[in-house]
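A short write-up of the structure that comes next.
2 protein chains.
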Amino acid sequence: MANEDRFDRCEISCIHEEAVAAVKQTMISDDEAQSLADIFKTLADRTRVKMLFALMQKELCVCDLAAVIGASESSVSHQLRILRTNKLVRFRRDGKILYYSLADDHVITLFRQALEHASHDEAWAAQFLDLIK
Amino acid sequence: MANEDRFDRCEISCIHEEAVAAVKQTMISDDEAQSLADIFKTLADRTRVKMLFALMQKELCVCDLAAVIGASESSVSHQLRILRTNKLVRFRRDGKILYYSLADDHVITLFRQALEHASHDEAWAAQFLDLIK
DNA sequence: TTTACATATGATCAGTTGTTCATATGTAAA
DNA sequence: TTTACATATGAACAACTGATCATATGTAAA
Chain E
3 MANEDRFDRC EISCIHEEAV AAVKQTMISD DEAQSLADIF KTLADRTRVK
53 MLFALMQKEL CVCDLAAVIG ASESSVSHQL RILRTNKLVR FRRDGKILYY
103 SLADDHVITL FRQALEHASH DEAWAAQFLD LIK
Chain S
3 MANEDRFDRC EISCIHEEAV AAVKQTMISD DEAQSLADIF KTLADRTRVK
53 MLFALMQKEL CVCDLAAVIG ASESSVSHQL RILRTNKLVR FRRDGKILYY
103 SLADDHVITL FRQALEHASH DEAWAAQFLD LIK
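Protein chains in written order, with the working numbering: chain E, 3 to 135; chain S, 3 to 135.
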């Protein structure tokens, strides 16, 4: 019934009802938006960015990663769990050592887009665009 | 002097010195990694994801946005400031009303990549891949 | 088995983030 | 100028995040 829309207007006064209705129809749900946000959240930390950046170039074990990015092994291990949970990295075991690498190429593309966005303001970004594929 | 490297090994015992040295050479700096992380951080919130998703389809004013995503106008205004600061949206004024829209197309590409990553596990993601360009 | 070592996990805590409520700003009509 | 309205901003607070330290797990050599 057409009246149900009216109730909303008591709480939030929108100005362009047609536009709002149209956009609402193709709107992403709360859960879906959360899933997308979670992917970006996984990339939204300096330590994890450096870890993924290193893994773009070569598979590395935990203590190598710690040495490369200058963080503690415990910290790296904790962050690797987050990356694993979100399926951005995978690992293989060789004896006592776990070798981590990127799970797929989406991370690379995400980084490239972010670098292109950054390169509008920051000169350094261009050099890395050449570097990653 | 070649000995300086030796000091590092007292703190962090890395196993593959050559690999670590090679990756270190092309490593992104702390500040640069932080800049990239900040871009992803801007996208790492459900409310902002929904806002950007809405703006992909049509320019909208603050109260329209609030109505579309079901949040308070104050909350939307706060989040818009974050999106403005990070240059993901821009606005034009028409009388009392501010119309917001996407600043450029990088957001769309970033969303597409995230959706492709998500579509490995989540069936809903594919439908939005068709929707956004 | 012990022992050593690579890595994972749990608890704690400071720092950050997002929402809400209250208040301020800026614009235009009356 | 008042008034109304669209939006911005500030303060306060709960929830979340990441680093650290301590401890546990799993693997392989001794």
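For every residue, glycine included, the Cβ atom is placed at its ideal position computed from N, Cα and C. Since the model is a prediction, treat every value here as computed from it, not as a measurement.
By the beta-carbon neighbour count (other beta carbons within 10 angstroms, threshold 16), R48(S) is buried. In this structure, DSSP gives L62(E) an extended state, which the three-state scheme calls strand. Of the residues assessed, L45(E) falls on the buried side of the cut-off, its CB having 16 or more other CB atoms within 10 angstroms. Taking a C-beta distance under 8 Å as the contact criterion, I110(S) and K135(S) qualify as a contact pair. The alpha-carbon separation between Q81(E) and I71(E) amounts to approximately 12 Å. Runs of beta strand (DSSP E) with 3 or more residues, each lying fully within the stretch 30–118 of chain E, are found at 91–96, 99–104, listed in chain order.
Close partners of E124(E) in chain S (Cβ separation under 9 Å): E34, S37.
In the structure shown, the three-state DSSP call for D123(E) is coil. In this structure, A105(E) is the residue among H119(E), A120(E), A105(E) with its C-alpha nearest to the C-alpha of L54(E). Residues of the stretch 53–66 of chain S that bring their beta carbon within less than 7 Å of a beta carbon in chain E comprise F55, A56, Q59, K60, L62, C63, C65, D66, in sequence order.
Assignment of K135(E) by DSSP, reduced to helix, strand and coil, places it in the coil class.
Excluding five sequence positions before and after C63(E), the CB atoms of its chain that fall closer than 8 Å to its own CB belong to I99, L100, Y101, Y102, given in chain order. Residues of chain E whose Cβ lies closer than 9 Å to the Cβ of E118(S) are, in chain order, H108, T111.
Think of a sphere of 8 Å around the beta carbon of H18(S): the chain E residues whose beta carbon falls inside it are L62, C63, D66, in chain order. Put simply, the backbone Cα of R114(S) is about 31 Å away from that of K26(S). A straight line joining the alpha-carbon of E75(S) with that of A68(S) spans about 5 Å. Comparing alpha carbon positions, the residue from L117(S), Q36(S), A23(S) closest to A127(E) is Q36(S).
Chain E places a beta carbon closer than 8 Å to that of A69(S), counting this residue as a contact. Only exposed fits E19(E), as fewer than 16 other CB atoms lie within 10 angstroms of its CB.
Straight-line spacing of the CA atoms in V91(S) and I84(S) works out to 9 Å. Annotation: I84(S) has no Cβ neighbours in chain E at a cutoff of 9 Å; minimum Cβ distance is about 13 Å.
At a cut-off of 8 Å between beta-carbon atoms, K135(E) makes no contact with chain S.
By the neighbour-count criterion, in which a residue is buried when 16 or more other Cβ atoms sit within 10 angstroms of its Cβ, H122(S) is exposed. Taking 8 Å as the upper bound for CB-CB distance, L38(S) and V51(E) are in contact here, some 5 Å apart. At a cut-off of 8 Å, the C-beta of A128(E) has no neighbouring C-beta in chain S. Proximity of Q115(S) to chain E, defined by a Cβ-Cβ separation below 8 Å, is satisfied.
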